[in-house]
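Contents: one structure, followed by commentary.
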Amino acid sequence: MAYWLLKSEPTTFSIEDLAKLPQKTSPWDGVRNYQARNYLKSMTVGDLAFFYYSSCKTPGIAGIVEIVKKAYPEKNQTEDPPRWFSPDVKLVQKFPSVLPLSQIKEVGSLTTMILLRKGNRLSVTPVQQKEWETIIKLCKHY
DNA sequence: GCCAACGTTGGC
DNA sequence: GCCAACGTTGGC
């Protein structure tokens, strides 16, 4: 059982978009970075991930999704063997409001997060259990 | 294999 | 819009 953080630009794919889909489930596709892809491939069914909004007015965590299908090759790929993979994710919870990045930054015990590392651009990152629990608690005050 | 140029990400 | 950071490309 592992924890992750998945970035998305809300104008491209928002948590509301996910909520509207059948079974509230969608492939997490379009990732074009090898390190991020390797993380996607290492996810297992039952893992949980934060749905993070980037490149928007209030960057932050919008909710929680669950991995419901292990990564498989993306459709419409011409490469053989396939290069890009995506797991299916299902909406677990949409937070009442986005937990802002600015708030996350203010919590001392969260400075270990890869998300907060200088120059980090990875769109898929692992999250430690302690970090996960801290953020869950933080949300309840939000 | 090196590295300059260029493209992309993403917070501010 | 700016800019730092990083990834990719492609000539040599």
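Each residue of the first sequence is one higher than the one before, starting from -17 at the first, in this note's numbering.
Ideal Cβ positions, reconstructed from N, Cα and C, are used throughout, including at glycine.
Rounded to whole angstroms, what's the CA-CA distance from residue i to residue j? Just pull it up for me.
i: A31; j: N58; result: 26 angstroms
i: G28; j: V80; result: 23 angstroms
i: V89; j: F33; result: 19 angstroms
i: K87; j: S37; result: 17 angstroms
i: C121; j: E56; result: 33 angstroms
i: Y104; j: L22; result: Checking the sequence, you will find Leu at residue 104 rather than Tyr. Rounded to whole angstroms, L104 to L22 spans 12 angstroms at the Cα level.
i: K100; j: V13; result: 21 angstroms
Is it right to say residue i is buried, meaning 16 or more other beta carbons lie within 10 angstroms of its own, or is it exposed?
i: Y54; result: exposed
i: Y35; result: buried
Which residue or residues does DSSP assign as beta-bridge partners of residue i?
i: D70; result: P9 and K51
i: V109; result: Y(-15)
Are the beta-carbon atoms belonging to residue i and residue j less than 8 angstroms from one another?
i: V106; j: K72; result: no
i: I118; j: G45; result: no
i: W114; j: Y(-15); result: yes
i: S84; j: D11; result: no
Let me check understanding here. Comparing Cα to Cα, which of the options lies closest to residue i?
i: P41; options: L(-12), N15, P69 and P63; result: L(-12)
i: V74; options: D11, T7, R19 and S(-10); result: T7
i: Q111; options: S84, P82, L92 and L104; result: L92
i: E48; options: P64, P82, Q5 and R14; result: Q5
i: P(-8); options: M(-17), K39 and Y16; result: K39
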